[in-house]
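Student: In UniProt numbering, the protein residues as written are 1 to 303.
1) If you follow the beta strand (DSSP E) that residue 197 is part of, which residue opens it and which one closes it?
2) Give the straight-line distance between the Cα atoms of residue 86 and residue 187, rounded to the nearest whole angstrom.
3) Quick one: what's got a C-beta closer than 6 Å to residue 22's C-beta in the same chain, skipping five residues either side?
4) Rounded to the nearest angstrom, what separates residue 71 and residue 293 at their Cα positions?
5) I need the straight-line Cα distance from residue 295 to residue 248, nearest angstrom please.
6) Using the Cβ count rule (16 or more neighbours within 10 Å means buried), how would you classify residue 300?
7) Can you tell me which of the three DSSP states residue 88 falls into?
8) Should residue 185 be labelled buried (16 or more other beta-carbon atoms within 10 Å of its own) or exposed?
9) Identify the continuous alpha helix (DSSP H) that holds residue 172 and give its terminal residues.
10) Figure out for me which residue from 285, 272, 224 has the closest Cα to the Cα of residue 244.
11) Which residues mark the beginning and the end of the beta strand (DSSP E) in which residue 284 is found?
12) So, residue 320 versus residue 18, is the Cβ gap smaller than 9 Å?
13) For residue 233 and residue 202, which I take to be in contact (beta-carbon distance under 8 Å), what is that distance rounded to the nearest angstrom?
14) To the nearest whole angstrom, what separates the beta carbons of residue 43 and residue 63, a pair I think is in contact under 8 Å?
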């Protein structure tokens, strides 16, 4: 996209060319970049700065309508469309869905010479630190289970139902492409104990609100930008939401091959976390559940 509309002042929207936008001061770019929309379909847009190796600055959107003139087909978009079709079919054919948090992102490849780790050992390693977290879940969900049984319930996996399994990558891609998952009545298991209605579990950043007793949700959307210290992710979908990553930044960046700020601009993201207000009650914070990076997926843009 060569142009984007800035809705920072909704009464007086301003259309910027990418050439004009990149000449703004750093402060103005940071101020306006979460308020950009596509000039054709009005989908939420992002700005990517020019890279050190010569890639030009650009606008873009992960939310283009299929008939939008700014929608440019690509291999990545084709994969997202295919993932949306697959997940839609899963919603139709299944009685329940299990989220497989252990499924590695497709960009991950083991280093040469690295010893293979068995699935059993990997699951043990990942489940170990979360034992205390599961106990916390039991306590914090009590009110939700009793007062909103169609939202979440404690149960065991069904033996006689059609149960599908899916990783975060395809779930995110399907949500970005407008699949029916976000409005579905499908039961979704986040572990072998707790199930949620999909329509209550998957929450776009624009709709994020603190939950009773800090109960988690699957929050998703796109990243507008990361702060200069690379410790906070700022979604395109909402100007008053922030995602702290300082405590696990190194492992997160290694997992998704993030080396500079441009790498994550415009990326899709989904994470299992809880939403709460900051001390001043001016911003909503979404904290990764258990600080476990297996519960987050980042879909970077193709350069």
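In this text, a Cβ means the ideal position worked out from N, Cα and C, and glycines have one as well.
Tutor: Short version:
1) Mapped onto the chain shown, residue 197 falls at position 197. It spans 194-197 - the beta strand (DSSP E) in which residue 197 sits, taken as one unbroken run.
2) Here residue 86 refers to the residue found at position 86 when the chain shown is read from its first residue. Here residue 187 refers to the residue found at position 187 when the chain shown is read from its first residue. Their Cα atoms are separated by approximately 17 Å.
3) To locate residue 22, count along the chain shown from 1; it is residue 22. Closer than 6 Å at the Cβ level, and outside the excluded window around residue 22, lie 57.
4) Taking the chain shown and counting its residues from 1, the one referred to as residue 71 is at position 71. Taking the chain shown and counting its residues from 1, the one referred to as residue 293 is at position 293. Spanning the two alpha carbons is a distance of roughly 31 Å.
5) Sequence index remark: in the chain shown, residue 295 carries index 295 (1-based). Sequence index remark: in the chain shown, residue 248 carries index 248 (1-based). Taking the straight line from one Cα to the other gives about 12 Å.
6) Here residue 300 is taken as the residue at index 300 of the chain shown, counted from 1. Label assigned to residue 300: buried.
7) For this step, residue 88 is matched to residue 88 along the chain shown. Of the three classes helix, strand and coil, the one that applies to residue 88 here is helix, per DSSP.
8) Residue 185 sits at position 185 when you count from the first residue of the chain shown. With fewer than 16 other Cβ atoms within 10 Å, it is exposed.
9) By 1-based counting over the chain shown, the position of residue 172 is 172. Start and end: 168-176.
10) Against the chain shown, residue 244 aligns to sequence position 244. Nearest of 285, 272, 224 to residue 244, Cα basis: 285.
11) For the purposes of this step, residue 284 is taken as residue 284 along the chain shown, with counting starting at 1. Per DSSP, residue 284 belongs to the beta strand (DSSP E) from 284-288.
12) There is no way to answer for residue 320, as the model of the chain reaches only from 1 to 303.
13) Taking the first residue of the chain shown as position 1, residue 233 is located at position 233. Taking the first residue of the chain shown as position 1, residue 202 is located at position 202. Not confirmed; about 18 Å, so no contact.
14) Taking the first residue of the chain shown as 1, we reach residue 43 at position 43. Taking the first residue of the chain shown as 1, we reach residue 63 at position 63. Contact holds; Cβ gap of about 3 Å.
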